[in-house]
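Right, one structure below, let's go through it.
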Amino acid sequence: MPVEGASELWEAWASGRLCLQTCTSCGEFQHPPGPVCSHCHGTALSLVEIDGSATLVSWSTVYRAPAVQFSVDIPYTIAIVSAGNTVLVEARVDGSVDVSGLRVGMPVHLEIGEVIGVSVPVVISS
Amino acid sequence: MSANPKAAIIGAGESVRTPRMGRTAIDMAVEASLAALTDAGIDITEIDGVVTGYSLAERHLDFSANLCEAIGIQPQWSRTISRSGATGASIVVDAALAVLGGACTTVLAVWADNRVSGQPEDMAGALAASLSSFEFVNGPLITTQYALLAHSYLERTGSTSEDLASVAVQFRKHAALNEFAKHRELISIDDVLNSPMASSPLHRLECALVTDYGGAVIVTRGSRADVGAIDLIGFGEALSHASILRNPDLFITGETAASRSSTLAYQMAGIGPAELQMAQIYDCFTITVLMLMEDFGLCKRGEAGAAVREGFLDREGALPSNTHGGLLSCGSGGILHVTEAVRQMRGNAGAHQLDRRPETSLVHGNGGILSAQTTLILARR
Chain A
3 MPVEGASELW EAWASGRLCL QTCTSCGEFQ HPPGPVCSHC HGTALSLVEI
53 DGSATLVSWS TVYRAPAVQF SVDIPYTIAI VSAGNTVLVE ARVDGSVDVS
103 GLRVGMPVHL EIGEVIGVSV PVVISS
Chain B
49 MSANPKAAII GAGESVRTPR MGRTAIDMAV EASLAALTDA GIDITEIDGV
99 VTGYSLAERH LDFSANLCEA IGIQPQWSRT ISRSGATGAS IVVDAALAVL
149 GGACTTVLAV WADNRVSGQP EDMAGALAAS LSSFEFVNGP LITTQYALLA
199 HSYLERTGST SEDLASVAVQ FRKHAALNEF AKHRELISID DVLNSPMASS
249 PLHRLECALV TDYGGAVIVT RGSRADVGAI DLIGFGEALS HASILRNPDL
299 FITGETAASR SSTLAYQMAG IGPAELQMAQ IYDCFTITVL MLMEDFGLCK
349 RGEAGAAVRE GFLDREGALP SNTHGGLLSC GSGGILHVTE AVRQMRGNAG
399 AHQLDRRPET SLVHGNGGIL SAQTTLILAR R
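Chains as they are written, first to last, in my numbering: chain A, 3 to 128; chain B, 49 to 429.
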């Protein structure tokens with residue numbers, strides 16, 4: 003289901019820019035993006051580039067793919083991180099990260115990587 | 049105004065859940081509807097309102113229209129609603145609002161689906177694809193979204209995987225007594241923890257079953273119902289998000305919208321958690337039950353696992369819960385939490401009837417990823 007702001011964010015990621023949606027009225031971030039700010043209900047939303055600093059909130063290792071395009075990666079780990087300690091983002095944990103060393107609250111880093119051939123933020127060690 | 053401005057459930061019915069090739073969701077809805085009418089002891093011509101859930105396995109322009117045609121009625125009020133897993137409880141609220149608001153007098157509320165007989169494709173994959181694209185691109189199952197919450201819960205509260213597993217063990221013990229439950233062999237905590245990991249920390253035996261199901265109840269004004277009716281003395285609903293990323297409280301305090309829905313329901317009913325004698329709790333995953341118990345005020349935050357391990361939810365315990373075995377061991381369908389509550393309270397639950405027929409019960413439906421919440425409070429007359 004297309005949501006206003008979504009295509010712009012996919013395009014930013016595809017061009018290698020690590021962006022998230024922010025409200026130009028109240029300055030809050032929101033993710034997934036949408037047409038109305040969930041904090042102040044303003045409709046002037048735009049994308050801003052973030053520096054990738056984040057805190058690990060939770061993670062789960064997936065052993066059964068929800069669709070065939072993910073099967074080649076099984077098992078893989080998906081995390082929720084708090085980007086800039088303000089907004090939650092769901093992202094793959096990059097294969098370079100030792101999952102056994104993950105701890106809730108630890109600093110991690112987001113950078114644009116690739117999952118099933120799509121440019122998305124992935125979690126790497128900070 | 050009537051002397052009793054409440055709605056009441058006067059009958060409940062279920063369909064057979066053994067899968068059979070070619071069996072449709074409407075077939076099961078019809079079977080459950082006719083069983084509920086028989087239980088209520090009323091004629092089908094008395095039904096002037098119908099509210100149904102939806103099918104994931106079949107497409108209908110309007111499920112309620114297909115059901116009404118199949119049973120040969122043309123009601124003055126009808127609805128098909130979709131509130132994900134909360135639908136089974138929500139159709140009871142809609143039925144109550146319809147009879148209390150004067151849209152009609154007697155409502156048939158039904159939810160049925162042929163998730164095995166009619167579902168050749170991968171249900172888990174189809175459901176995961178309905179997450180936001182910013183979640184789904186990473187490859188989560190619905191289970192993964194709950195697992196992310198489960199992991200956070202364990203870290204925050206110091207609870208363990210054994211605590212989570214104890215929920216599955218408890219409801220299997222109840223299913224063992226229910227001839228209609230899909231899985232009846234007793235299991236141990238080790239059995240749960242040794243079952244294949246689905247999405248860590250949740251194992252396969254911590255996930256809801258996928259089965260065919262059908263359940264129906266008949267709802268009318270309390271003033272029209274006799275002494276055997278089950279009164280809906282309170283209800284509450286709340287919605288918090290579509291994506292868990294938009295609701296950080298889930299990861300900070302663990303509080304869900306069920307806290308609001310249950311508070312509203314208790315207020316309307318004029319009773320609190322201490323007055324409950326039974327609970328039927330939407331148990332799509334083990335973690336769901338622990339988080340909801342805390343939202344209902346049944347125990348302090350972080351203490352639900354210990355309570356379950358001590359037998360709090362056992363049929364002989366403080367609050368007999370999911371006495372049919374729930375989604376974890378009996379089968380799919382949040383409507384079955386409603387029909388099970390009614391059957392136990394009316395004393396016709398069969399071999400798994402509680403020794404002490406409950407006078408009050410909480411019934412709760414959870415939809416989405418701990419998003420749409422519906423709490424019902426039922427009471428015997």
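A virtual CB, placed ideally from N, CA and C, is assigned to each residue, including glycine.
Everything numeric in this text was worked out from a predicted model, so none of it was measured.
Is it the case that the Cβ atoms of residue i and residue j are separated by a distance below 7 Å?
i: A/ILE80; j: B/THR192; result: yes
i: B/ALA80; j: B/VAL140; result: no
i: B/ILE266; j: B/ILE58; result: yes
i: B/ALA213; j: B/ASN162; result: no
i: B/LEU293; j: A/HIS33; result: yes
i: B/VAL390; j: B/ALA60; result: yes
i: B/THR154; j: B/THR268; result: yes
In the DSSP assignment, the alpha helix (DSSP H) including residue i goes from what residue to what residue?
i: B/ARG220; result: 209–223
i: B/MET171; result: 171–176
i: B/TYR314; result: 306–317
i: B/PHE182; result: 181–184
i: B/VAL386; result: 383–394
i: A/LEU11; result: 8–16
i: B/SER81; result: 73–88
Taking C-alpha atoms, which residue in the options lies nearest to residue i?
i: B/GLU285; options: B/SER207, B/LEU212, B/LEU340, B/ALA305; result: B/ALA305
i: A/GLU113; options: A/PRO35, A/ARG19, A/ALA69, A/GLU10; result: A/ARG19
i: A/SER128; options: A/ASP53, A/CYS21, A/SER17, A/THR26; result: A/ASP53
i: B/LEU312; options: B/THR423, B/PRO188, B/ILE57; result: B/THR423
i: B/ILE129; options: B/THR301, B/TYR102, B/ILE121, B/GLU323; result: B/TYR102
i: A/ILE126; options: A/ILE118, A/VAL106, A/HIS33, A/GLY97; result: A/GLY97
i: A/SER121; options: A/ALA8, A/PRO37, A/TRP15; result: A/TRP15
i: B/SER132; options: B/ILE425, B/GLN421, B/GLY374; result: B/GLN421
i: B/ILE319; options: B/ALA399, B/TYR330, B/ARG394, B/ALA427; result: B/ALA427
i: B/GLN328; options: B/GLU183, B/ASN226, B/SER409, B/SER178; result: B/SER409
i: A/LEU104; options: B/SER377, B/ARG308, B/GLY120, B/GLU203; result: B/GLU203
i: B/ARG127; options: B/GLN392, B/GLY276, B/THR100, B/ILE383; result: B/THR100
i: B/MET24; options: B/ALA118, B/GLN167, B/ILE383, B/SER63; result: Because chain B here runs from 49 to 429, residue 24 of chain B falls outside it and cannot be looked at.
i: B/HIS231; options: B/ALA195, B/ILE237, B/VAL217; result: B/VAL217
Going by beta carbon distance, what residues of the same chain come within less than 6 Å of residue i, once the five residues before and after it are set aside?
i: B/GLY353; result: SER207, ASP211, LEU338
i: B/ARG65; result: THR259, ASP260, TYR261, GLY379
i: B/TRP125; result: GLY97, ALA146, ALA151, CYS152
i: B/ILE190; result: LEU175, ALA176
i: A/ILE82; result: VAL59, SER60, LEU90, GLU92
i: B/LEU346; result: PRO321
i: A/PRO37; result: GLU6
i: B/THR205; result: GLY350
i: B/LEU340; result: ALA306, ILE329
Against chain B, with Cβ distances strictly below 7 Å, would residue i count as a contact?
i: A/ILE52; result: no
i: A/PHE72; result: yes
i: A/THR45; result: no
i: A/HIS33; result: yes
i: A/GLU13; result: no
i: A/ALA69; result: yes
i: A/ILE114; result: no
i: A/VAL59; result: yes
i: A/LEU90; result: yes
Counting contacts by CB-CB distance shorter than 7 Å, is residue i in contact with chain A?
i: B/MET245; result: yes
i: B/GLY187; result: yes
i: B/GLU183; result: yes
i: B/LEU196; result: yes
i: B/PHE333; result: no
i: B/ALA305; result: no
i: B/ALA51; result: In this predicted model, B/ALA51 has a pLDDT of only 44, less than 50, meaning its place in the structure is not dependable enough to derive any value.
i: B/THR192; result: yes
i: B/PHE299; result: yes
i: B/ALA146; result: no
Leaving out five residues on either side along the sequence, give the residues of the same chain with a beta carbon under 8 Å from the beta carbon of residue i.
i: B/ARG252; result: SER243, PRO244, MET245, ALA246
i: B/MET49; result: Because the pLDDT of B/MET49 is 37, which lies under 50, any placement of that residue in the model is unreliable, and the number read from its coordinates should be weighed accordingly. Within the same chain, B/MET49 has no close Cβ partners at all.
i: B/VAL164; result: PRO67, VAL258, THR259, ASP260
i: A/MET3; result: Any reading at A/MET3 must be qualified, since the residue scores a pLDDT of 44, below 50, and its modelled position is unreliable; the value itself is stated next. So no residue of the chain qualifies.
i: A/LEU11; result: CYS21, LEU22, GLN23, PRO35, LEU49
i: B/LEU287; result: ALA305, SER419, ALA420, GLN421
i: B/ALA51; result: Unreliable placement is indicated for B/ALA51, whose pLDDT of 44 sits below 50; the coordinate value is still reported in the next sentence. Same-chain partners within the cutoff: SER271.
i: B/MET316; result: ILE281, GLY282, PHE283, GLY284, ILE425
i: A/GLY86; result: PHE31, ILE52, ASP53, SER55, ALA56
Tell me where the beta strand (DSSP E) around residue i begins and ends.
i: B/GLN193; result: From DSSP, B/GLN193 is part of no beta strand (DSSP E) but of the alpha helix (DSSP H) over 190–205.
i: B/THR371; result: Looking at the DSSP string, B/THR371 is not in any beta strand (DSSP E), and its letter there is neither H nor E.
i: B/VAL356; result: No beta strand (DSSP E) holds B/VAL356; the alpha helix (DSSP H) holding it covers 352–357.
i: B/MET245; result: 245–247
i: B/ASN162; result: 154–162
i: A/VAL125; result: 120–127
i: B/ALA144; result: That residue, B/ALA144, is in no beta strand (DSSP E); its alpha helix (DSSP H) goes 135–149.
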